[in-house]
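S.K.: Position one of the sequence shown corresponds to residue 37 (the working numbering), numbered consecutively onward.
By construction, the Cβ of each residue, glycine as well, lies at the ideal position given by its N, Cα and C atoms.
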Amino acid sequence: MTDDTSGQPIFKGLVGVFADESAVSKVMVETNSLTYRGYPVQDLCEQCSFEEVAWLLWEGELPTRKQLNAFRRAEAAERGISRALVRVIEAFPKKSHPMDMIRTAVSFLAQEDAEAGDISEAATRRKALRLFAKIPTAIAAACRLRDGLRPIRPKPELGFSENIFHMFFGSVPEKRVVKAFDVSMILYAEHGFNASTFAARVVASTQADLHSAVVAGIGALKGPLHGGANEAVMQMLKSVGTPARARGWIDDKLEHRALVMGFGHRVYKHGDSRVPTMSRYRDSVAEATGGQKWVEISTILAEEMMAKKGIHPNLDFPAGPAYFMMGFPVDFFTPLFVASRVTGWAAHVIEQGADNRLIRPLSHYTGRPQREVVPIRARG
Ligand code: COA
Numbered sequence: 037m038t039d040d041t042s043g044q045p046i047f048k049g050l051v052g053v054f055a056d057e058s059a060v061s062k063v064m065v066e067t068n069s070l071t072y073r074g075y076p077v078q079d080l081c082e083q084c085s086f087e088e089v090a091w092l093l094w095e096g097e098l099p100t101r102k103q104l105n106a107f108r109r110a111e112a113a114e115r116g117i118s119r120a121l122v123r124v125i126e127a128f129p130k131k132s133h134p135m136d137m138i139r140t141a142v143s144f145l146a147q148e149d150a151e152a153g154d155i156s157e158a159a160t161r162r163k164a165l166r167l168f169a170k171i172p173t174a175i176a177a178a179c180r181l182r183d184g185l186r187p188i189r190p191k192p193e194l195g196f197s198e199n200i201f202h203m204f205f206g207s208v209p210e211k212r213v214v215k216a217f218d219v220s221m222i223l224y225a226e227h228g229f230n231a232s233t234f235a236a237r238v239v240a241s242t243q244a245d246l247h248s249a250v251v252a253g254i255g256a257l258k259g260p261l262h263g264g265a266n267e268a269v270m271q272m273l274k275s276v277g278t279p280a281r282a283r284g285w286i287d288d289k290l291e292h293r294a295l296v297m298g299f300g301h302r303v304y305k306h307g308d309s310r311v312p313t314m315s316r317y318r319d320s321v322a323e324a325t326g327g328q329k330w331v332e333i334s335t336i337l338a339e340e341m342m343a344k345k346g347i348h349p350n351l352d353f354p355a356g357p358a359y360f361m362m363g364f365p366v367d368f369f370t371p372l373f374v375a376s377r378v379t380g381w382a383a384h385v386i387e388q389g390a391d392n393r394l395i396r397p398l399s400h401y402t403g404r405p406q407r408e409v410v411p412i413r414a415r416g
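1) Give the C-beta separation of TRP330 and MET361 to the nearest angstrom, bearing in mind that I take them to be a contact with Cβ-Cβ under 8 Å.
2) Nearest CA to the CA of ALA231: which residue from LEU93, ARG377, ARG101, THR160?
3) If we call anything under 8 Å between Cβ atoms a contact, is GLU226 one with VAL60?
4) Buried or exposed, going by whether 16 or more other CB atoms sit within 10 Å of the CB of ASN266?
5) Verify whether the separation of the beta carbon atoms of ILE117 and ALA177 is less than 8 Å.
6) For ASP56, which residues from the same chain have a beta carbon less than 6 Å from its beta carbon, with the 5 sequence-adjacent residues on both sides left out?
7) Rounded to a whole number of angstroms, what is the C-alpha to C-alpha distance between THR126 and PRO99?
8) Using the Cβ count rule (16 or more neighbours within 10 Å means buried), how would you classify GLU87?
9) Please find out if some non-hydrogen atom of ligand 1 comes closer than 7 Å to the beta-carbon of LEU295.
10) Quick check: what's the CA-CA separation for VAL122 versus PHE369?
11) Mapping the DSSP letters down to three states, classify LYS191 as helix, strand or coil.
12) Below 6 Å CB to CB, which residues in the same chain sit around ILE347 once its five sequence neighbours on both sides are set aside?
13) What residues match up with MET64 in a beta bridge as DSSP calls it?
14) Fully enclosed by the stretch 284-348, which alpha helix (DSSP H) runs are 4 residues long or longer?
15) Given the structure, does HIS262 come close to ligand 2, in the sense that its CB is under 7 Å from one of the ligand's heavy atoms?
16) Within 7 Å: the Cβ of HIS247 and any heavy atom of ligand 1?
17) Quick check on GLY43: buried or exposed, where buried means 16 or more other Cβ atoms within 10 Å of its Cβ?
18) Scan the stretch 83-123 and note each continuous alpha helix (DSSP H) run of 4 residues or more that stays entirely inside, going in chain order.
19) Is HIS301 near ligand 1, with its Cβ less than 7 Å from a heavy atom?
20) Leaving out five residues on either side along the sequence, give the residues of the same chain with a beta carbon under 8 Å from the beta carbon of GLU151.
21) What first and last residue would you give for the alpha helix (DSSP H) that runs through VAL366?
22) Please say whether ALA324 and VAL208 have beta carbons closer to each other than 8 Å?
23) What does a CB cutoff of less than 7 Å around PHE373 pick up in its chain, not counting 5 residues either side in sequence?
24) Report the rounded CA-to-CA distance for LEU337 versus ALA282, giving the unit in angstroms.
25) Please state if the CB of ALA90 and the CB of THR278 are separated by a distance shorter than 8 Å.
26) Excluding five sequence neighbours on each side, which residues of the same chain lie with their C-beta closer than 7 Å to the C-beta of PRO190?
27) Please say whether VAL311 and PRO357 have beta carbons closer to each other than 8 Å?
28) Using 8 Å as the limit for Cβ to Cβ distance, is HIS301 near chain B?
29) Thinking C-beta only, is GLN388 closer than 8 Å to ALA146?
30) Quick check: what's the CA-CA separation for VAL409 versus THR402?
31) Can you tell me the Cβ-Cβ gap for PHE353 and SER334, rounded? I've got them flagged as a contact below 8 Å.
32) Just checking my contact of PRO134 with PRO371 at CB under 8 Å: how many whole Å lie between their CB atoms?
33) Within this structure, are the beta carbons of LEU93 and TYR72 separated by less than 8 Å?
34) What would DSSP say about TYR75, mapped onto helix, strand or coil?
35) Between which two residues does the alpha helix (DSSP H) carrying LYS274 extend?
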């Protein structure tokens, strides 16, 4: 079935389509590299904290010491969540997926935010800070409540990443583990027009507010083809179980043409720029926690995928086991991705708002040709 636009090309999955300009990050496929506001992401990981990177994404420049201190204080001051939100989280059925919970929690945070409907850039920036600060608190509370534990209040004197450990576990692990987590936050923060960022921009382009855009982003991130892959990678590693089983396991999957989670990428076809950095930090978490088995299984799977399919791992491949070894429950991995990516989504919502045009593509119609409505009495 065709229509009069059938001669127009379709870019299924928007593959290869440039939808707008962006100054937030640059993905360079030829060199497998990624920059945020011009800075190579691996250098940001080595030299900066996640808070500095969040500031960079929103302001376009790295902060001075004074700016960073003020930003840290402002973020720490906004970490608290209301009793009402805790009650909402408590009301979720125990089997709820934490991504559904955080999606609902962000919607609820909008109800409590006096500026929720204000789409001015200044208000959007203030709301972005509040979401950045409160999302980890809601996630950690959800994790503890599900386990029948009381939520732990955020500690303002702790850094962003340290505080996440404190709120989940009541303690902060050794420095190299916190650093690995902080690095994962930096690497997850931003990645061009990925599916969730594009979803957030589509919503922002209708002049809806930041919370609505972030809820859309969370919905898109949940899918296993996008953020949900970090959880799926760990399920996979657990079902492989031991290094001795790894080669047979993956060969069997490939024979059955199954999708192997944590491999492949829409943009990178010769390797994901973020993988070498995250793999190094995953290995240091394995050293700190005695989790070498996960590194060994991962190494075999990656070698076999390369040899048999020529497909490289993506960021979720080392990030999944790193989070597992840090002690986070597997279904909380993608919510942790949300805690980071909210910075990128907000940067894009601000950018979209500064030069907005409603995002509204077209489709070729393949349904029935125009026909007459037959009244119900004549339809038999
Ligand atoms: N396991 C097995 N085969 C894979 C694969 C994977 N993870 N990723 C891609 N391929 C294969 C496809 O089957 C396809 O093979 P074919 O040409 O024989 O049909 C080929 O590689 C091209 O893949 P395609 O699905 O067209 O690429 P895409 O750009 O549409 O998809 C992803 C990219 C990320 C959705 C895809 O690689 C995937 O599903 N990966 C697993 C999920 C994941 O890790 N997501 C996180 C992304 S950061």
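M.R.: In brief:
1) 6 Å
2) ARG377
3) yes
4) buried
5) yes
6) none
7) The question names Thr, but residue 126 in the sequence shown is Glu. Answer to the nearest angstrom: the Cα atoms are 38 Å apart.
8) buried
9) yes
10) 20 Å
11) coil
12) PHE299, GLY300, MET341
13) SER69
14) 311-325, 328-345
15) In the structure shown, ligand 2 is absent; the only ligands present are ligand 1.
16) no
17) exposed
18) 86-95, 101-113
19) yes
20) ALA159, ARG162, LYS163
21) No alpha helix (DSSP H) contains VAL366, which DSSP labels as neither H nor E.
22) no
23) TYR224, LEU257, GLY263, ASN266
24) 6 Å
25) no
26) ARG115, GLY116, THR173, ASN199, MET203
27) no
28) Given the protein chain composition of this structure (a single chain), no chain B is represented.
29) no
30) 19 Å
31) 7 Å
32) 5 Å
33) yes
34) strand
35) 265-276
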